[in-house]
Amino acid sequence: MKKNSIKHYYKLITFLIVLSTVPVILVGVFSYLRSSEIIEANVAEEKQQSVYQIQTNVEQVLKSVDNSLTHFVRSPSTQDILRDPLNAEKFIKYHNIKQELGQLQTLETGIQDVIMVSLKHEWLINNNGLLRLEHNNYNKIHEKYMTYQKSSYWILEEYDDIVLTHDARDNCNYYINLIKKLPFLTSDKTGMVGALIPTCTLNNIMAEQIVSETFIILDESNQIIAHSDPDSVGTNINENEDFHSLIDVNTGKGQFNSTIEDIDYKVTYRTSSYNNWTYVSLVKISDLNKQSSSIGWFTLLVCSILLIISLIVAIIGISIFYKPIRHLQDFFTKTFTSAKFSTKTKNEFDLIRFNIEQMLDKNVELESRLQNQITQLRQFFIIRLLQGKMKREEIPAKLKSFNYYQSWTRLSLFTLQIDSLDESNYQLKEEDVILFAINAMIEDTLEEEIRFTPVVINRTQVTILTLNIESEEEYHFYLNELAQMIQSKIRKEFDLPVSIGISLPYTELISTKDAYKQGMESLKYRLKLGKESIIFYENLDRNHNFSGQLPTTNKNSIFDSIKVADREKADKGLKALFNTLFDKEFNHNQYQIFIIKFLYDLIELKQLLGVELKKLDERPLVHELENLRTSDDLQKWFKENLIYPIIEKVEERTESKYKTISDKIIHIIQKEYDTAISLDSIAARLHYNPNYLSSIFQKEMKTTFSEYLLKYRLNIAKNWLLDTDLSVKDIAIKLQYNNSQNFIRSFRKIEGITPGKYRMEHKKSG
C-alpha cells in the first residue's frame with residue numbers, strides 16, 4: 001500500500017508542477033502579446049493624432065489666407081479697380097489697394113507677397129508698387145494661371161519658375177501660391193490675385209509636432225509640397241508605386257505597413273476635404289517595437305520568478321494536502337470492511353471510491369430526491385398530455401403515483417395569455433417570469449380537487465379543470481365566474497390584462513391535446529373581441545363564407561391620407577377599416593388573410609410613392625403580425641412600422657420641395673398623370689437631357705419611367721373602376737390612351753384580367 005501511495009504522491013507532484021507551470025507560461029505569453037498589441041495600438045493612435053494635429057495647424061494657415069484673400073477680392077474697391085485702365089487719375093485707388101494687399105501679409109500666415117493682375121488693362125500690383133504688364137509676361141501669366149478650370153486653387157511653384165512679378169524673398173526653393181481668378185463672381189475672368197507662401201513655413205509648422213518620424217504633405221497630383229527633408233519638396237510620390245497604391249484618398253484616412261528602401265514603416269495618412277491634400281506620417285516599425293522588447297524581457301523575468309515559486313509551493317503543498325487522503329484511507333479501512341474488496345491489490349483511491357459508491361446506491365437517497373422533484377414531474381406529465389405524448393394505458397398509473405383526484409364528470413382546459421405589456425411596468429423579456437408568477441398564483445388560488453398541476457408552455461399558462469357539474473347552464477356559468485375571478489386577481493396583483501380561452505368539455509385525459517388546441521384557437525379571436533376576453537371555443541363561428549377583399553372605401557381613404565401626409569385622417573381611416581373588418585363574422589385565419597393583404601397593399605403603395613424603408617425590408621413582417629394579439633396592437637403596429645414612416649418620407653419630400661430629380665419626376669407623375677406627359681416633356685421642363693433623366697430615374701427607383709407611369713395610371717384606374725361609374729372608355733381617355741383597346745391590353749398584362757371583369761369581380765366580392 002505504501003508503495004502505491006508513493007506512486008500517487010509523485011503523480012500528484014508532477015500534475016501540480018504541470019498545472020502551475022502551464023498557466024504561468026500561458027499568462028506570460030498572453031501578457032507579452034497583449035501588451036505589445038496595446039502599445040502598438042496606442043502608438044498608432046498617437047500617430048493618427050499627430051497627423052491630425054499637423055493637418056489642423058497647416059489648414060488653419062491655409063484657410064486664414066484663403067478667407068482673407070476671398071474677402072479682399074469680393075470687396076467693392078477690388079471689383080471697381082478691375083474695370084478701370086491704368087492712369088494717373090486712379091492713383092488713390094491703386095494706393096489703397098496696395099495698402100490692403102500689404103495688410104494681408106502677416107507673420108502668422110507667412111505670406112511674402114500678394115500680387116494682383118488685370119489682364120484686361122495689362123497692369124500688376126505687388127509689394128514694389130504698380131507695374132504695367134509686358135506682352136511676353138502677359139502671355140506667360142495667362143497660359144500658366146488662367147487655363148485652370150477652377151476659379152480658386154493652390155499651386156506649388158519653384159522660386160525661379162514663378163511667372164508673376166513679385167517681391168518674395170529667395171529664402172526657400174519652393175512656394176505655394178493661392179490663385180483666385182477675378183472678377184470672383186462672374187464667368188468672364190479678366191484678372192487674378194495670387195498669394196505667395198514659402199513651403200519652409202509648412203516645414204516649420206510640421207517641425208513643432210514631429211520628433212522621430214518623417215512627415216510628408218502631398219497635393220492632389222501627389223506632388224510633395226512639404227517634407228521633413230526639404231530637399232524632397234517638389235518631387236512626385238508616384239515614383240514609389242507600392243507606397244502610393246496603398247493610399248486611398250477616398251477613405252479620408254488610414255494606416256498600413258509598407259517597405260521603402262528595404263525598411264519597414266508604419267504609414268499613417270489623412271486626406272483633407274478642404275483642398276484634397278494628403279498628410280502622411282512615416283515611422284520605422286523597429287522604433288515602435290523597442291518598448292515591446294523591454295516589456296518582453298520584463299515579462300520573462302516575472303514569469304521565471306513565478307515559476308520557481310510555483311514549483312516550491314507545489315512540492316511543499318502536496319506534502320501537506322496529501323495527509324487528509326491518508327487519514328481518509330485509514331478511516332474507510334477501519335470503518336467499512338468487505339470481502340469483495342482486497343486492500344492488498346488496490347490503492348487508497350480505489351478504496352475510497354468503492355465505499356462512496358456503496359453509499360450512493362442506497363434507496364433512501366433516491367427516494368428523497370424523488371420526493372423533492374414531485375412538482376417538476378407532475379408538470380412534465382401535464383406538458384406531455386398537452387403535447388399528445390402520453391399513451392392511454394400510461395395515464396392511470398401516473399394519476400395514482402402523483403396522487404391526483406380522479407373523480408370527475410367532465411374536464412375543461414383554460415389557456416391564459418397576457419394581452420399586452422405596453423401599458424405596464426414590465427418589459428417583454430420579463431413575460432416568461434410573469435407567466436410563472438401567474439401560474440404559481442393560480443396553483444395557490446384553486447383547490448387541488450378541481451384542477452391538475454398548472455403549467456406554462458409556449459408563452460401560455462394552461463390549467464386543466466376537473467368538474468362534477470351536469471347542467472350545461474351551470475357549467476358555463478361556473479367557468480365564466482372562475483375565469484373572471486382569475487382575471488380580476490391578476491389585474492389586482494400584476495396590473496396586467498389577460499385573456500382566457502376555454503376548450504370544449506371532455507371526459508378523458510387522452511383528449512387533452514385536442515382541448516389545448518381548442519383553447520389556443522379561442523385566444524386567436526382576441527383580434528375581434530379585444531383585451532381581457534373570455535372566449536368559449538363552442539361559441540366561435542368557424543364556418544362563415546369567406547370573401548377575400550378588404551373594404552375598398554376605408555382602404556382608399558387611408559391611402560389618400562398617406563399621399564397627402566395627413567396623420568389624423570390616416571388614423572381615423574385605419575380605425576374605421578378595422579372596425580368594419582371586425583364587424584364581419586370571420587374566423588381568425590380569415591382575419592389574418594385580410595390583415596396580410598392590407599400589409600401587401602401598403603407595401604405596394606410604398607413602392608408606388610418611391611419610398612424606401614431599408615430597415616423594414618430586412619424584418620419578417622408577416623411573422624410579427626401573426627404574433628400580435630389584439631386589434632389595438634395591430635393598429636399600433638401598422639402606424640408605427642408603415643403608415644407613419646411613409647408619411648414622414650412624404651413630408652420630407654414635400655418640405656424639401658422635391659430635392660432629388662426622381663422626387664420631382666414622381667411629383668409630376670402624381671399631379672399630371674391624366675395629361676400627355678412624357679420623359680421628353682419633363683426633361684425640357686427640368687432642363688435635363690432625357691437620356692440622363694431616364695438613367696437617373698431607373699437607378700434610384702429600380703424601374704423605368706414608362707413602367708412607373710404605366711403602373712401608377714393602372715393603380716388610378718383600379719380605384720376609378722371600384723369607386724366611380726366611369727366607363728372603361730372614359731377611363732382610357734382620361735389616362736391618355738389612344739384607344740380603349742390599348743388600355744385594356746395594358747390592364748390585362750399587369751392584372752391578368754380585363755378592366756370590366758376586375759370591376760365586376762371586386763364589386764361583387766366587396
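Mapping the sequence shown onto full-length UniProt numbering, position 330 (from 1) lands on 330, and the numbers just tick up by one.
From the three backbone atoms N, C-alpha and C, an ideal C-beta is built for every residue, glycine too.
Everything numeric in this text was worked out from a predicted model, so none of it was measured.
Secondary structure of residue i, DSSP reduced to three states
i	result
Ser187	coil
Asn403	coil
Pro198	strand
Asp725	coil
Trp637	helix
Leu479	helix
Asn96	helix
Phe15	helix
Val58	helix
Ala502	This sequence places Ile at residue 502; Ala is not what is there. Correct three-state label for Ile502: strand.
Asn177	strand
Met760	helix
Pro755	helix
Lys524	coil
Gly102	helix
Arg451	strand
Lys531	coil
Tyr148	coil
Asn719	helix
Gly390	It should be pointed out that residue 390 corresponds to Met in this sequence rather than to Gly. Coil.
Ile263	strand
Leu282	strand
Asn171	coil
Asn204	helix
Cβ-based neighbour list, residue i, same chain, cut-off 8 angstroms, excluding 5 preceding and 5 following
i	result
Glu213	Lys47, Ser50, Ser228, Ser281, Leu282 and Val283
Leu540	Glu521, Ser522, Tyr525 and Asn587
Leu634	Leu527, Phe578, Ile595, Leu625 and Leu628
Boundaries (first-last residue) of the beta strand (DSSP E) holding residue i
i	result
His227	Ile224 to His227
Asn127	Element bounds for Asn127: n/a, residue is neither H nor E.
Thr415	Arg410 to Ile418
Glu157	Ser152 to Glu158
Met116	Asp113 to Ser118
Leu465	Thr460 to Leu467
Thr109	Here Thr109 belongs to no beta strand (DSSP E), and DSSP marks it neither H nor E.
Under 8 angstroms between C-beta atoms of residue i and residue j
i	j	result
Gln518	Ser533	no
Asn222	Ile237	yes
Leu119	His142	yes
Ile225	Thr199	yes
residue 768	Met441	Look at the range of the chain in this structure, 1 to 766, and you will see that residue 768 is not part of it.
Lys513	Gly610	no
Ser662	Glu700	yes
Tyr175	Ile162	yes
Leu577	Ile562	no
Arg169	Gln112	yes
Asn556	Asn719	yes
Ile295	Tyr10	no
Glu153	Met192	Contrary to the premise, residue 153 reads as Tyr rather than Glu in this sequence. In this structure, Met192 does not lie closer than 8 angstroms to Tyr153 by Cβ.
Thr21	Leu307	yes
Asp80	Leu156	no
Opening and closing residue of the alpha helix (DSSP H) in which residue i lies
i	result
Gln698	Pro690 to Met701
Ile285	Ile285 to Leu288
Lys140	His135 to Ile141
Ser681	Leu679 to Leu686
Same chain, Cβ closer than 6 angstroms to residue i, five either side skipped, listed in chain order
i	result
Leu416	Gln461, Val498 and Ile500
Arg526	Ser499, Ser533, Arg629 and Thr630
Ile115	Asn126, Leu164, His166 and Gly194
Leu399	Gln406
Asp674	Lys734
Close beta carbons around residue i, own chain, < 7 angstroms, minus the five adjacent residues each side
i	result
Tyr52	Arg270
Ile17	Leu311 and Ala314
Are there three or more Cβ pairs, one per stretch, closer than 8 angstroms when the region 593 to 608 is compared with the region 494 to 512?
no
Three Cβ pairs or more, each shorter than 8 angstroms: is that satisfied between the region 631 to 644 and the region 561 to 576?
yes
Contact between the region 65 to 85 and the region 96 to 113 is defined here as three or more beta-carbon pairs at a separation below 8 angstroms; is this criterion met?
yes
So, does the region 372 to 386 touch the region 420 to 437, judging by three or more C-beta pairs under 8 angstroms?
no
Decide if the region 632 to 641 is in contact with the region 678 to 695; the criterion is three or more beta carbon pairs, one per stretch, under 8 angstroms apart.
no
May I ask you to verify whether the region 713 to 732 touches the region 749 to 760, counting CB pairs closer than 8 angstroms and requiring at least 3?
yes
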